[in-house]
């Protein structure tokens, strides 16, 4: 049929091939330049002007070109799946013919069929043609062989950005108020996969693109939750063991108990029973070394008949504290006890009075109601020739003032150039709970005046510079302290109290000694009395000063015994002593009296407390 049409076309000198419609069904060829009653003067799709029958017929190919342009430009077809011509098509209707098309479309698989001037015009597509298919609402592209989706199948895309810019690291990037992952008939599972156990598979929560929380399997197959305040340093809040499912909280946990029980962590029965007294695990009943300073090494081999002792090796590097804070009543007296053992060293140490035995100290660190350490500068006062510097303001004092007017400056420092002896302590401190302290204050500053600035005749102290705002009254909008406010001159301090044993030498090496002493009452003297609690104390931590005199090159007649010389500590205990009393003495300190039994006489006498050292 196509050959007959081509022959007829050649006879008329015309190259376009059409198949008739209506009266021409059956393949009768028609010269498209022949005038027809239904021929329009413009194209059906793009309204392109045709040459009319009255015009010169030598331009008939112009009309054919317009028909093709009208068919191809902005190509939009009705369907790409219809396999036979419609019964009543309209002028300009276009179709992409599928495989197996029949009727007038037979043998034209893949072609574009266009109804032009009542006949089907067939155009063979070229690679790169695009067509919009109306009944599919989809775009197709010709690949040179067949029609395929213009967009592809969206598989193996390098990256995707949804309202955001993706990159080689964030290959899927989304910027939106929310995102939804929903089910497809049942449940839904979001999967994050990693290559190996040492890699990371996690969800990272950020603020301003800085990490604040992360959960997943980071660096292992154990699930963990981490948090950060700065995006750089992360703290592990939770770890779940993948083998057992056991959950641990490396940094502690709160809120698991009734707040009425207190703010401390939930504890086990083993922990509760491990307290021989107020010192938890003092005898190492837990078998873990809990509560002892990390600077000490647990040693179950050398002990005074206890589960374990703890040793410190080497040069003195400052005080070390036990972990837990012990609540105390500072009005009562407490007995502190511990076992000490100094290790012997080979060699002749007879040139030194104490040979290879070093000074050892044990004491307490006092803690205030807010859990803050009470340092000597918070309560120790200067005494000039025995006269206490504690007095009151004779006139208001405000930040920016350069003079302090005192009721009595006779106890203030006019001779010691130590910066800590040239400071001011204002007694108006209020702790977080609202308690106002009389002999304890954190409103303190050092190096505020020169010794020449103290006038004991006028009772005026001239400051080296204006009073800092940090020393202002927090209860007054302008920071002004009223006349009558208690104030004192500061004095140098030495840190935690060596209230138990101060620079003690054990009588022999390689022997255990039991040391015991008492502490009690509140020190109001401003002298940091060793046997009393500092004012403001509601809790304490036990402190050790191991190998105090072992320093490189020797110290105070003591030899340098090297970095491996050990002292052992064990059996730390603190107990309230109901029969002991703290008697207030002149000056404000308290003298602790303890019961001393006389077994032979059958009596118990009260005597001032002293350190008792007993060989075990």
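Numbering (my numbering), first residue to last: 206 to 821. Where is the CB? At the ideal position from N, CA and C, for every residue including glycine. All of these numbers come straight from a predicted model, not from anything done at the bench.
Subject >> Residue from 813, 436, 630 whose Cα sits closest to the Cα of residue 672 >> reply: Relative to residue 672, the option among 813, 436, 630 whose CA is nearest is 630.
Subject >> residue 346 beta carbon less than 8 Å from that of residue 282 >> reply: Not in contact: residue 282 and residue 346 (Cβ atoms no closer than 8 Å).
Original post:
Cα separation between residue 753 and residue 770?
Top reply: Going from the Cα of residue 753 to the Cα of residue 770 covers about 12 Å.
Original post:
With distances taken from CA atoms, which of 812, 810, 816 is nearest residue 707?
Top reply: The shortest CA-to-CA distance from residue 707 to any of 812, 810, 816 is the one to 816.
Original post:
Counting along the chain, where does the beta strand (DSSP E) carrying residue 718 start and finish?
Top reply: Looking at the DSSP string, the run of the beta strand (DSSP E) that includes residue 718 is 718 to 725.
**OP:** Quick one: give me the first and last residue of the beta strand (DSSP E) that residue 411 is part of.
**Re:** In the DSSP assignment, residue 411 falls within the unbroken beta strand (DSSP E) covering 405 to 412.
**OP:** Look at the alpha carbon of residue 300 and the alpha carbon of residue 284, and state the distance between them as a whole number of angstroms.
**Re:** Cα to Cα, the separation comes out at about 5 Å.
Original post:
Is residue 316 closer than 8 Å to residue 294 when the C-beta atoms are compared?
Top reply: With contacts defined by Cβ atoms closer than 8 Å, residue 294 and residue 316 do not form a contacting pair.
**OP:** Answer yes or no: do residue 649 and residue 677 have a C-beta to C-beta separation smaller than 8 Å?
**Re:** Going by C-beta atoms, residue 649 is not nearer than 8 Å to residue 677.
Original post:
What's the gap between the Cα of residue 306 and the Cα of residue 351?
Top reply: When the Cα atoms are used, residue 306 and residue 351 turn out to be separated by approximately 15 Å.
Original post:
Would you report the Cα separation of residue 515 and residue 773, rounded to the nearest angstrom?
Top reply: Going by C-alpha positions, residue 515 is about 5 Å away from residue 773.
Original post:
What did DSSP end up calling residue 621 once you bin it into helix, strand or coil?
Top reply: In the three-state DSSP reduction, residue 621 falls in the coil class, being neither helix nor strand.
Original post:
In the structure shown, what three-state DSSP assignment does residue 593 receive?
Top reply: In this structure, residue 593 counts as strand in the three-state DSSP scheme.
Original post:
At which residues does the beta strand (DSSP E) containing residue 803 begin and terminate?
Top reply: Its beta strand (DSSP E) spans residues 795 to 803.
Subject >> residue 735 beta carbon less than 8 Å from that of residue 780 >> reply: Their beta carbons are not under 8 Å apart, which means residue 780 does not touch residue 735 by this criterion.
Subject >> Beta-carbon contacts of residue 482 that lie in its chain and below 7 Å, excluding the five residues immediately before and after >> reply: Result list for residue 482: 778, 779, 780, in chain order.
**OP:** Locate the beta strand (DSSP E) running through residue 547, then write down its first and last residues.
**Re:** Taken as a continuous stretch (DSSP letters only), the beta strand (DSSP E) holding residue 547 covers 538 to 547.
Original post:
Is it right to say residue 560 is buried, meaning 16 or more other beta carbons lie within 10 angstroms of its own, or is it exposed?
Top reply: It counts as buried.
Original post:
According to DSSP, what are the bridge partners of residue 702?
Top reply: 569, per the DSSP bridge assignment.
Original post:
Where does residue 821 land, buried or exposed, given buried means 16+ other C-beta within 10 angstroms?
Top reply: Here residue 821 is exposed: its Cβ has fewer than 16 other Cβ atoms, across all protein chains shown, within 10 Å.
Original post:
Do you know whose CA, among 619, 302, 395, 557, lies nearest residue 312's CA?
Top reply: Comparing Cα positions, the closest option is 302.
Original post:
Who are residue 343's beta bridge partners in DSSP?
Top reply: Answer by DSSP bridge pairing, in chain order: 338.
Original post:
Which partner residues of residue 771 appear in the DSSP bridge assignment?
Top reply: Residue 771 pairs with 518.
**OP:** State yes or no: is the C-beta of residue 822 within less than 8 Å of the C-beta of residue 710?
**Re:** No statement about residue 822 is possible, as the shown extent of the chain runs from 206 to 821 and does not include it.
**OP:** Give the C-beta separation of residue 572 and residue 620 to the nearest angstrom, bearing in mind that I take them to be a contact with Cβ-Cβ under 8 Å.
**Re:** With a Cβ gap of about 34 Å, residue 572 and residue 620 do not count as contacting.
Original post:
With a Cβ-Cβ cutoff of 8 Å, do residue 747 and residue 524 count as a contact?
Top reply: Not a contact, by the Cβ cut-off of 8 Å.
Subject >> Spatial distance of residue 520 from residue 457 (CA atoms) >> reply: If you draw a straight line from the Cα of residue 520 to the Cα of residue 457, it is about 33 Å long.
Original post:
What residues in its chain sit with their C-beta under 6 Å from that of residue 715, if we drop five residues either side in the sequence?
Top reply: Taking C-beta separations shorter than 6 Å and ignoring five residues to either side along the sequence, the partners of residue 715 in its chain run 549, following chain order.
**OP:** Determine the direct distance from the alpha carbon of residue 358 to that of residue 231, and round the result to whole angstroms.
**Re:** Unreliable positioning characterises residue 231 in this predicted model, as indicated by a pLDDT of 32, which lies under 50. A coordinate reading is not provided.
Original post:
residue 792: which of 659, 594, 646, 568 sits nearest, CA to CA?
Top reply: In terms of CA proximity to residue 792, 594 leads the group 659, 594, 646, 568.
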